[in-house]
Amino acid sequence: MSVSRFDITPIRIYGTASVGVYMAANDEYALIPADSPEKVDRHVEDTLKVKVIKLTVGRSPLLGVFTVMNNSGVLVPSIIRDEELEQLRKSLGDLNVAVLPSRYTAIANLILVNNKRGVVSPIVEREYLNIVRDNLNIELEVRDIRGLYIVGSLAVINDRGILVSPEVDEEDINFLKGFFGVRIGVGTVNRGISLIRSGIVANNKGAVVGDSTTGFEMMRITEVLG
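So for the sequence shown, the working numbering puts the first residue at 55; every next one is plus one.
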């Protein structure tokens with residue numbers, strides 16, 4: 055049985071290694087700020103093997119903060135403008151695109167998903183959980199991680215593994231491993247940053263990471279997600 059290649063590329067955007075706050079990706083598309091440099095676009099396309107879609111959400115480039123996506127759909131916050139939402143729907147073909155009308159707009163910090171399951175922060179309003187479940191086509195669990203509501207910031211996940219922050223304790227590691235049913239490992243990004251999603255954008259084909267990420271950190275990311 056052949057093993058698919060998992061590429062990893064260190065990059066920088068807007069002079070920062072916090073690439074995860076500016077981008078989001080699934081296995082077919084990557085959402086990238088409208089004014090991102092072409093060099094960044096090429097690195098993302100080549101590494102993640104995706105089509106790049108350039109846009110803003112609420113006129114902001116923080117797509118990695120304001121969007122949650124998997125291979126079934128994309129969630130966006132209520133601050134998205136009508137023309138941005140229209141562009142997104144036209145660009146994504148058959149993927150579900152839904153507005154999550156929560157009072158919390160940094161929804162990617164509150165939701166951790168792959169293509170089968172997801173963990174949602176307890177602060178997300180219960181009446182909106184069906185929007186997450188139905189549009190991403192996943193099984194959901196409402197839970198914090200180590201008492202923190204930023205469940206989406208403490209881990210990076212694909213369908214092979216979960217890389218978790220050193221701040222995540224053994225109880226939560228065991229829960230995540232059992233719930234998602236994939237391998238799990240502890241790691242950092244950008245020379246020891248523990249809010250790891252801020253520095254990683256990953257799908258099942260590869261990952262782009264902040265260019266401050268060390269060789270050891272990249273090796274760990276590949277071991278867990280590759």
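We put the beta carbon where it would ideally sit given N, CA and C, even for glycine.
1. From the DSSP output, which residues share a beta bridge with Gly-172?
2. Are the stretch 245-253 and the stretch 206-220 touching by the rule of at least three beta carbon pairs closer than 8 Å?
3. Nearest-angstrom Cα distance between Asn-124 and Asn-212?
4. Is it the case that the Cβ atoms of Gln-141 and Leu-109 are separated by a distance below 7 Å?
5. Rounded to a whole number of angstroms, what is the C-alpha to C-alpha distance between Gly-172 and Ala-261?
6. Less than 7 Å separating the beta-carbons of Pro-155 and Ser-132?
7. Report yes if the C-beta distance between Asp-265 and Ile-107 is below 7 Å; otherwise report no.
8. Using the three-state DSSP reduction, which class does Arg-245 fall into: helix, strand or coil?
9. Applying the 10 Å Cβ sphere with the 16-neighbour rule, what's the burial state of Ser-58?
10. From Met-55 to Gly-280, what does the alpha carbon distance come to, in whole angstroms?
11. Measure the C-alpha to C-alpha separation of Gly-201 and Thr-276 and round it to an integer number of angstroms.
12. Between the Cα of Val-128 and those of Tyr-76, Phe-270, Val-167 and Ser-114, spot the shortest distance and give me the residue it belongs to.
13. To the nearest angstrom, report how far apart Asn-228 and Ser-114 are at their CA atoms.
14. Can you give me the start and stop residues for the beta strand (DSSP E) that Thr-63 sits inside?
15. What do you get for Gly-241, buried or exposed, if any count of 16 or more other CB atoms within 10 angstroms of its CB means buried?
16. Can the beta-carbon of Gly-118 be found less than 7 Å from the beta-carbon of Tyr-76?
Result, derived from the coordinates:
1. The residue labelled residue 172 in the question sits at position 118 within the sequence shown. BP columns for Gly-172 point to Val-167 and Leu-194.
2. yes
3. Counting from 1 along the sequence shown, the entry for residue 124 is found at position 70. Counting from 1 along the sequence shown, the entry for residue 212 is found at position 158. Answer to the nearest angstrom: the Cα atoms are 9 Å apart.
4. Within the sequence shown, numbered from 1, the residue matching residue 141 stands at position 87. Within the sequence shown, numbered from 1, the residue matching residue 109 stands at position 55. In this structure, Leu-109 lies closer than 7 Å to Gln-141 by Cβ.
5. Walking along the sequence shown from the start, residue 172 turns up at place 118. Walking along the sequence shown from the start, residue 261 turns up at place 207. Going from the Cα of Gly-172 to the Cα of Ala-261 covers about 20 Å.
6. As a working mapping, residue 155 is identified with position 101 in the sequence shown. As a working mapping, residue 132 is identified with position 78 in the sequence shown. Contact flag set, yes.
7. Working through the sequence shown from its first residue, we reach residue 265 at position 211. Working through the sequence shown from its first residue, we reach residue 107 at position 53. No; because the gap between Cβ atoms is not below 7 Å, this pair is not in contact.
8. For the purposes of this step, residue 245 is taken as the residue at position 191 of the sequence shown. Arg-245: coil per DSSP, three-state reduction.
9. Mapped onto the sequence shown, residue 58 falls at position 4. Its Cβ having fewer than 16 others within 10 Å, Ser-58 is exposed.
10. As a first step, residue 55 must be located in the sequence shown, where it is residue number 1. As a first step, residue 280 must be located in the sequence shown, where it is residue number 226. Reliability fails at Met-55, whose pLDDT of 37 lies under 50, so the model's placement of it is uncertain and no value is given.
11. Stepping through the sequence shown from its first residue, residue 201 is reached at position 147. Stepping through the sequence shown from its first residue, residue 276 is reached at position 222. Distance between the alpha carbons of Gly-201 and Thr-276 is about 28 Å.
12. For the purposes of this step, residue 128 is taken as residue 74 along the sequence shown, with counting starting at 1. Out of Tyr-76, Phe-270, Val-167 and Ser-114, Val-167 has the C-alpha closest to the C-alpha of Val-128.
13. The count along the sequence shown starts at 1 and reaches residue 228 at position 174. The count along the sequence shown starts at 1 and reaches residue 114 at position 60. If you take the alpha carbons of Asn-228 and Ser-114, they lie about 36 Å apart.
14. Residue mapping note: residue 63 aligns to position 9 of the sequence shown, counting from 1. Looking at the DSSP string, the run of the beta strand (DSSP E) that includes Thr-63 is 61-65.
15. Translated into positions along the sequence shown, residue 241 becomes position 187. It counts as buried.
16. Within the sequence shown, numbered from 1, the residue matching residue 118 stands at position 64. Within the sequence shown, numbered from 1, the residue matching residue 76 stands at position 22. Going by C-beta atoms, Gly-118 is nearer than 7 Å to Tyr-76.
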